[in-house]
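Chemist:
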Amino acid sequence: MNKALALCLFFISVGNLFTANAKIWRVNNNTGITADFTTLQAAHDGAASGDTIHLEGSATSYGGLTCTKKLFIVGPGYFLDEHPNTQALQQTAQVGAFTLNDGSSGTVIIGLDFRTSNISVFANDIVIRRNNFASPYGNTPDYVTGIIYLNYPSNTGGSTGVSNIIITQNYGLQINNSSYTATNILITNNYLAANGYGGDASTENCLLLSANT
170 MNKALALCLF FISVGNLFTA NAKIWRVNNN TGITADFTTL QAAHDGAASG DTIHLEGSAT
230 SYGGLTCTKK LFIVGPGYFL DEHPNTQALQ QTAQVGAFTL NDGSSGTVII GLDFRTSNIS
290 VFANDIVIRR NNFASPYGNT PDYVTGIIYL NYPSNTGGST GVSNIIITQN YGLQINNSSY
350 TATNILITNN YLAANGYGGD ASTENCLLLS ANT
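The sequence shown runs 170 to 382 under the working numbering.
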């Protein structure tokens with residue numbers, strides 16, 4: 170029992186060491202602001218697996234991402250003008266399409282503004298939480314929506330679908346896994362929406378899953 174406890178404490182210590190050595194990278198493309206990077210892809214390329222990439226509010230998109238590292242990618246959230254006391258800036262961190270490839274397992278994506286851009290998941294163990302995927306037009310807040318595609322681990326060639334994916338507390342998105350056998354998929358507390366431009370008579374799918382999911 171003592172040996173088991175000692176081994177457990179050893180692994181906890183090693184885990185804490187890796188956490189302590191992880192860096193937080195600041196990303197800001199506003200004029201006059203000095204930050205580590207001005208685009209998301211550059212921040213990814215300069216970061217190490219286990220690092221945090223912090224995107225700050227801006228009127229200009231930080232662009233898309235092809236991810237091959239385990240990263241914690243965090244933005245300021247969305248609908249900030251409705252909650253004026255939460256952020257010094259009321260601007261979101263707008264991003265383009267994401268592709269999560271082999272090597273990105275364990276990545277967490279939180280607080281970003283995708284504005285109709287999509288996420289294509291080709292890796293296991295991904296958390297997508299509290300992001301906005303919709304773009305408004307007039308009085309329709311989800312006029313156009315984004316899509317999360319649950320595909321297959323990119324290192325398996327498509328033999329099985331992805332597994333251990335958490336999609337929670339996101340706004341204005343569709344989820345699509347129409348072709349692959351995905352397992353351990355948790356979809357909870359999201360506002361799923363077809364494109365609002367189709368009106369109430371739209372037959373578009375908000376949630377499209379394979380029978381084997």
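We treat Cβ as the ideally placed atom computed from N, Cα and C, and that holds for glycine.
Report the residue ranges of all beta strand (DSSP E) runs contained in full by the segment 260–330; include only those spanning at least 3 residues, in chain order.
Modeler: 267–269, 277–279, 288–290, 295–298, 304–306, 309–313, 315–319, all fully within the segment 260–330.
Chemist: Give the DSSP bridge partners of I202, in chain order.
Modeler: In the sequence shown, counting from the first residue as 1, residue 202 sits at position 33. For I202, which the question treats as bridged, DSSP gives no partner whatsoever.
Chemist: For Q210 versus L234, is the C-beta spacing smaller than 9 Å?
Modeler: Stepping through the sequence shown from its first residue, residue 210 is reached at position 41. Stepping through the sequence shown from its first residue, residue 234 is reached at position 65. It is a contact, given that the beta carbons lie within the stated cut-off.
Chemist: For K192, which of A217, T325, I344 has the nearest alpha-carbon?
Modeler: Residue numbering aside, residue 192 sits at position 23 when the sequence shown is read from its first letter. Residue A217 is the option with its Cα nearest to K192.
Chemist: For R298, which residues in the same chain have their Cβ closer than 6 Å to its Cβ, ignoring the five residues on either side in sequence?
Modeler: As a position in the sequence shown, residue 298 is number 129, starting the count at 1. The residues are I279, T337, Q338.
Chemist: May I have the straight-line CA-CA distance separating N197 from N359, to the nearest angstrom?
Modeler: Taking the first residue of the sequence shown as position 1, residue 197 is located at position 28. Taking the first residue of the sequence shown as position 1, residue 359 is located at position 190. Rounded to the nearest angstrom, the two C-alpha atoms are 28 Å apart.
Chemist: May I ask you to report which of helix, strand or coil DSSP gives I354?
Modeler: Translated into the one-based positions of the sequence shown, residue 354 becomes position 185. In the structure shown, I354 sits in a strand (DSSP, three-state: E or B).
Chemist: For the alpha helix (DSSP H) holding F210, just list the boundary residues, first then last.
Modeler: Against the sequence shown, residue 210 aligns to sequence position 41. Before going on, a small fix: residue 210 reads as Gln here, not Phe. Counting along the chain, the alpha helix (DSSP H) containing Q210 begins and ends at 209–215.
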